[in-house]
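Using my numbering, read the sequence shown as starting at 57 and increasing by one per residue. A virtual CB, placed ideally from N, CA and C, is assigned to each residue, including glycine. Worksheet: one structure, shown below.
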Amino acid sequence: MRVLVIGHATANQLSDSILNVLGAATNLNTKVDVLIIGKADITEIASLACIAKIIHLSDVSVEQMQSAFLAKSLAQIIKSYTHVLTAADSAGKDLLPRIAGILELSQISEVIGIISPNMFKRPMYAGNVVAEVESFEDIKLLTIRTTSFAKYTETGAGASIEEKSGLVEINPTTSFISQDIIHSDTIDLAHAKIVVTGGRSLGSKENFDDLIHTLALKLGAAVGASRAAVEAGYAPNDCQVGQTGKVVAPTLYLAIGISGAVQHIAGMKDSKTVVAINLDPNAQIFEYSDYGLVADLFEVVPQLVAALS
Numbered sequence: 057m058r059v060l061v062i063g064h065a066t067a068n069q070l071s072d073s074i075l076n077v078l079g080a081a082t083n084l085n086t087k088v089d090v091l092i093i094g095k096a097d098i099t100e101i102a103s104l105a106c107i108a109k110i111i112h113l114s115d116v117s118v119e120q121m122q123s124a125f126l127a128k129s130l131a132q133i134i135k136s137y138t139h140v141l142t143a144a145d146s147a148g149k150d151l152l153p154r155i156a157g158i159l160e161l162s163q164i165s166e167v168i169g170i171i172s173p174n175m176f177k178r179p180m181y182a183g184n185v186v187a188e189v190e191s192f193e194d195i196k197l198l199t200i201r202t203t204s205f206a207k208y209t210e211t212g213a214g215a216s217i218e219e220k221s222g223l224v225e226i227n228p229t230t231s232f233i234s235q236d237i238i239h240s241d242t243i244d245l246a247h248a249k250i251v252v253t254g255g256r257s258l259g260s261k262e263n264f265d266d267l268i269h270t271l272a273l274k275l276g277a278a279v280g281a282s283r284a285a286v287e288a289g290y291a292p293n294d295c296q297v298g299q300t301g302k303v304v305a306p307t308l309y310l311a312i313g314i315s316g317a318v319q320h321i322a323g324m325k326d327s328k329t330v331v332a333i334n335l336d337p338n339a340q341i342f343e344y345s346d347y348g349l350v351a352d353l354f355e356v357v358p359q360l361v362a363a364l365s
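Structure below.
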């Protein structure tokens, strides 16, 4: 059994989610190889005990870090492994399906548990059902829901490092235009310990920015949004929390003006402490909250901001 974990680097920084993926990989009871895409300092991760070898694609620039440019070359590397794991984030959800298509393999998405080398747990029906999926593929391609696994931090003997280059293949039908950082002054949603999320009840983008964004800044938190708020144009897609957005599990989750649709609950129900503010006492979000406040958010949130100032 040979296991490969894939990680991505952005702005010369390796995504912290790779530690959660390594935590998942330890359930396979073998040392793993790690493939890192993009330039980054890999000194710290090279010291982890579970890693045998690091394959580093340090020559891949931000403009080249598109799955359309890398999938074919990476598929050839993956052929020598029995299990391939990557985070179920935007990069992993883009890359692994392309590789699955090239190799004519199935993919198992959003894995939340590894029972055996062939048996995996994944949520279905907005998280209301947990399915046990058995795979008989020669290569298991898995995207990992990082909130379901603890970060791997055990250090040991240093891993060997193999630098690879020249794997980018220009795709004439795809080009890199630009990259915009959403809410650069707040914490990244995927790694935040506190998340402040707003719903459609905010009424406008101006209210969303004035209340949700300001409160997040005061708390050192990430900004989240319900699908309804995103569709109304209050917040960008990158902020969406839920079944079709990002899955988060922060220490503290503030749900402000959110009704609690099942699709939204699927994205935040693993949060350690949930605080909800809603004017409707029958809002479903209160069923999943540790603390609930039936009140007008337009009165309460400014008071919170003032108290934190």
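For residue i, the residue or residues it bridges with in DSSP
| i | result |
| --- | --- |
| residue 178 | 187 |
| residue 229 | Residue 229 pairs with nothing; no bridge assigned. |
| residue 309 | 251, 330 |
| residue 280 | 253 |
| residue 77 | Answer is none; residue 77 lacks a bridge partner. |
| residue 199 | 142 |
| residue 93 | 64, 113 |
| residue 296 | 281 |
Under the three-state DSSP convention, the category residue i falls into
| i | result |
| --- | --- |
| residue 265 | helix |
| residue 210 | coil |
| residue 71 | coil |
| residue 65 | strand |
| residue 100 | helix |
| residue 287 | helix |
| residue 302 | strand |
| residue 216 | strand |
Burial state of residue i, where buried means 16 or more other Cβ atoms lie within 10 Å
| i | result |
| --- | --- |
| residue 285 | buried |
| residue 147 | buried |
| residue 364 | exposed |
| residue 336 | exposed |
| residue 140 | buried |
| residue 68 | exposed |
| residue 328 | exposed |
| residue 298 | buried |
| residue 351 | exposed |
| residue 213 | exposed |
| residue 175 | exposed |
| residue 232 | exposed |
Length of the line joining the Cα atoms of residue i and residue j
| i | j | result |
| --- | --- | --- |
| residue 345 | residue 254 | 15 Å |
| residue 272 | residue 76 | 25 Å |
| residue 58 | residue 301 | 31 Å |
| residue 312 | residue 208 | 33 Å |
| residue 201 | residue 167 | 6 Å |
| residue 361 | residue 268 | 10 Å |
| residue 256 | residue 132 | 46 Å |
| residue 283 | residue 321 | 11 Å |
| residue 135 | residue 194 | 9 Å |
| residue 106 | residue 88 | 6 Å |
| residue 293 | residue 182 | 19 Å |
**Prompt:** Where are the beta strand (DSSP E) runs, 3 residues long or more, that stay fully inside the segment 314-362, in chain order?
**Reply:** Under the rule that a run must span 3 or more residues, the beta strand (DSSP E) segments found entirely inside the segment 314-362 read 329-334, 347-350.
**Prompt:** What are the complete beta strand (DSSP E) segments, minimum 3 residues, inside the segment 102-183?
**Reply:** Runs of the beta strand (DSSP E) inside the segment 102-183: 107-113, 139-143, 163-167, 169-172, 175-180.
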